[in-house]
Structure formats: C-alpha cells, structure tokens
Amino acid sequence: SQKIEQNSEALNIQEGKTATLTCNYTNYSPAYLQWYRQDPGRGPVFLLLIRENEKEKRKERLKVTFDTTLKQSLFHITASQPADSATYLCALPSGGSYIPTFGRGTSLIVHP
Amino acid sequence: KAGVTQTPRYLIKTRGQQVTLSCSPISGHRSVSWYQQTPGQGLQFLFEYFSETQRNKGNFPGRFSGRQFSNSRSEMNVSTLELGDSALYLCASSPLGDSGSFYEQYFGPGTRLTVT
Chain S
886 SQKIEQNSEA LNIQEGKTAT LTCNYTNYSP AYLQWYRQDP GRGPVFLLLI RENEKEKRKE
946 RLKVTFDTTL KQSLFHITAS QPADSATYLC ALPSGGSYIP TFGRGTSLIV HP
Chain V
99 KAGVTQTPRY LIKTRGQQVT LSCSPISGHR SVSWYQQTPG QGLQFLFEYF SETQRNKGNF
159 PGRFSGRQFS NSRSEMNVST LELGDSALYL CASSPLGDSG SFYEQYFGPG TRLTVT
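For the protein sequence lines, the chains are S and V, in the order given. Numbering follows the working numbering, in which position 81 of the first sequence is assigned residue number 966; successive positions increment by one, without gaps. Numbering follows the working numbering, in which position 103 of the second sequence is assigned residue number 201; successive positions increment by one, without gaps.
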C-alpha cells in the first residue's frame with residue numbers, strides 16, 4: 886500500500902542553523918510533491934511544490950529536493966528562526982487523482 | 099484576495115446528532131476539498147467538489163456527505179455523530195483543477211468539532 890513517512894520525533898535546532906526535514910514515500914510515482922506548514926489549531930499553509938522532473942526548488946530561505954529514485958524529499962530551512970517553529974507536512978497525489986495525501990508531519994522547534 | 103473562511107469555528111454536539119459545516123473558498127477557486135484531522139490519524143481526505151459535483155472521495159462512511167453550490171461555497175454534513183468524529187475539519191480550495199494545475203491546497207482555519 887502507499888505510505889508517506891515523516892519523522893514523528895520533533896526536530897530541535899538552534900536559531901541560525903539549517904533545519905532539514907525528510908519525507909519518504911513508498912509505492913508512489915508522484916507527479917509532484919508539496920510541503921506545507923501548520924501551526925497549532927490552524928489550517929496548513931502551502932509553501933512549495935516540486936514536480937517530478939525537478940531536482941531542487943528554492944523560495945527565500947526554503948529549499949526542497951526531490952529524488953524519485955530514492956523516493957525521498959528533503960526540506961531545508963536555512964538561517965532558521967524561532968518563528969519557523971511549526972509542524973511541516975509533505976503531501977503527494979495518490980489514488981490516481983491529483984488530490985494530495987498528507988504525511989503525519991514533523992514538528993520543528995527552533996530555540997533562540 | 100480573501101482567504102478560505104469556515105463557519106463555525108467551534109462546535110460541540112452530542113452523539114447521535116448531525117452537524118453541518120460551511121466553507122467559502124478563495125474567489126475564483128472552483129475546487130473545494132474537505133479534510134478531517136485528528137492526532138491519531140493525521141490529515142485525512144474526505145471529498146472534493148468541483149463545479150457542484152463530487153469529483154473525488156476518500157474512505158469515510160456515508161454519514162459524511164457534502165455539497166457545493168453554484169458560487170463554489172461548500173457544506174459538509176455529518177449525520178449520527180459518533181465520539182470518534184471529534185476532530186478539526188478543514189476545508190481547502192484550489193485553483194482550477196485542469197491538467198497543469200497541481201492542486202496546491204489553500205486551507206481555511208478549520209472547524210473544531212467536539213462530540214460528547
């Protein structure tokens with residue numbers, strides 16, 4: 886069956902460092918992969934989309950890589966700030982449609 | 099543009115009752131999806147509506163239903179509520195779902211439903 890795996894343990898890092906979050910998937914051949922940010926009690930916020938033929942995508946301090954051979958995406962936040970503390974979700978289309986299916990998310994905590 | 103709005107934000111219902119949640123998408127977005135989020139199961143897809151038609155459906159029982167109106171506003175209904183239906187219900191709208199659109203979802207703030 887299709888599965889999306891994100892580290893369930895919170896990632897704790899110091900302000901100014903680069904945070905790297907991982908999204909692994911099995912039994913998918915996704916046309917794209919998305920990353921979202923979610924703050925407690927609020928809806929997820931779309932951050933970035935990377936397509937299957939793209940290796941890397943950047944937006945300000947964010948960088949996403951997509952390795953379809955390894956079936957893995959890495960999400961980097963450079964020069965992290967306490968305001969970056971949130972849960973980050975990856976999402977892939979599944980079931981033959983373009984509707985994204987979400988991973989469980991990884992909590993990022995940036996310490997001042 | 100105004101974002102996705104959902105009403106009500108909080109709701110407390112009793113087991114066996116029914117509930118209707120409302121969602122207004124971003125202007126111009128015709129695709130509206132509904133998700134259920136719980137600590138145990140994460141974010142799970144309920145269904146998607148496009149031009150007043152249900153286009154995709156997740157694995158939820160028939161107690162969960164929805165509809166979309168001609169102005170793209172959507173409602174979700176849950177009948178015969180169970181304790182396990184307690185969750186954050188999120189509505190998301192997406193730009194026109196043609197090929198080439200990759201369904202980035204723009205979420206509302208959610209409705210927190212508590213079933214007692």
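Even for Gly, the Cβ is constructed at its ideal location relative to N, Cα and C.
Check whether the Cβ atoms of residue i and residue j sit closer than 9 Å, and answer yes or no.
i         : j         : result
Ser117(V) : Leu211(V) : In the sequence under discussion, the amino acid at residue 117(V) is Val, which differs from the Ser named in the question. In contact: Val117(V) and Leu211(V) (Cβ atoms closer than 9 Å).
Ala976(S) : Thr963(S) : no
Ile124(V) : Gly101(V) : yes
Glu941(S) : Val949(S) : yes
Ser886(S) : Thr991(S) : no
Arg943(S) : Ser965(S) : no
Tell me whether residue i sits in a helix, a strand or coil according to DSSP, three-state version.
i         : result
Ala916(S) : coil
Leu977(S) : strand
Pro985(S) : strand
Asp952(S) : strand
Ala895(S) : coil
Ala964(S) : coil
Gly198(V) : With a pLDDT of only 48 at Gly198(V), under the threshold of 50, the placement of this residue in the model should not be trusted; the figure read from the coordinates follows. Three-state result, Gly198(V): coil.
Gly179(V) : Looking at the sequence provided, one finds Leu at residue 179(V) rather than Gly. In this structure, Leu179(V) counts as coil in the three-state DSSP scheme.
I need the boundaries of the beta strand (DSSP E) containing residue i, first residue and last residue.
i         : result
Leu932(S) : 930 to 936
His996(S) : 991 to 996
Thr105(V) : 103 to 105
Ser131(V) : 129 to 136
Asn154(V) : 151 to 155
Phe143(V) : 140 to 148
Return the CA-CA distance between residue i and residue j, expressed in angstroms with no decimal places.
i         : j         : result
Ala904(S) : Ser168(V) : 44 Å
Gly126(V) : Pro929(S) : 20 Å
Ser970(S) : Glu150(V) : 38 Å
Val995(S) : Ala968(S) : 8 Å
Ser191(V) : Gly926(S) : 19 Å
Lys111(V) : Val213(V) : 5 Å
Trp920(S) : Tyr910(S) : 14 Å
Asn897(S) : Tyr973(S) : 13 Å
Leu993(S) : Phe960(S) : 12 Å
Gln104(V) : Gln134(V) : 14 Å
Phe951(S) : Leu906(S) : 12 Å
Gly198(V) : Leu934(S) : At Gly198(V) the pLDDT is 48, less than 50, meaning the model places this residue with poor confidence and gives no usable figure here.
Glu900(S) : Thr136(V) : 30 Å
Tyr917(S) : Pro193(V) : 16 Å
Val176(V) : Pro207(V) : 19 Å
Gly164(V) : Leu109(V) : 18 Å
Gln115(V) : Phe158(V) : 18 Å
Lys155(V) : Phe162(V) : 10 Å
Leu179(V) : Thr209(V) : 15 Å
Ser958(S) : Leu932(S) : 14 Å
Lys956(S) : Glu939(S) : 13 Å
Cys908(S) : Thr953(S) : 12 Å
Gln203(V) : Pro997(S) : 31 Å
Ser184(V) : Ala895(S) : 25 Å
Ser982(S) : Trp132(V) : 15 Å
If contacts are defined as beta-carbon pairs under 8 Å, then residue i and residue j qualify, I think. What distance do you get, rounded to the angstrom?
i         : j         : result
Arg989(S) : Gln923(S) : With 8 Å as the limit, Arg989(S) and Gln923(S) do not qualify as a contact, their Cβ atoms being about 11 Å apart.
Leu186(V) : Phe205(V) : Incorrect: roughly 10 Å between the Cβ atoms, too far for contact.
Gln60(V)  : Phe145(V) : The requested residue 60(V) does not occur in the structure, where chain V is confined to residues 99 to 214.
Tyr147(V) : Ser172(V) : 6 Å
Tyr201(V) : Pro978(S) : 7 Å
Arg128(V) : Ser170(V) : 6 Å
Ile984(S) : Phe143(V) : 6 Å
Does residue i get closer than 9 Å to chain C when you measure Cβ to Cβ?
i         : result
Pro207(V) : Absent from the structure: chain C. Protein chains present are S and V.
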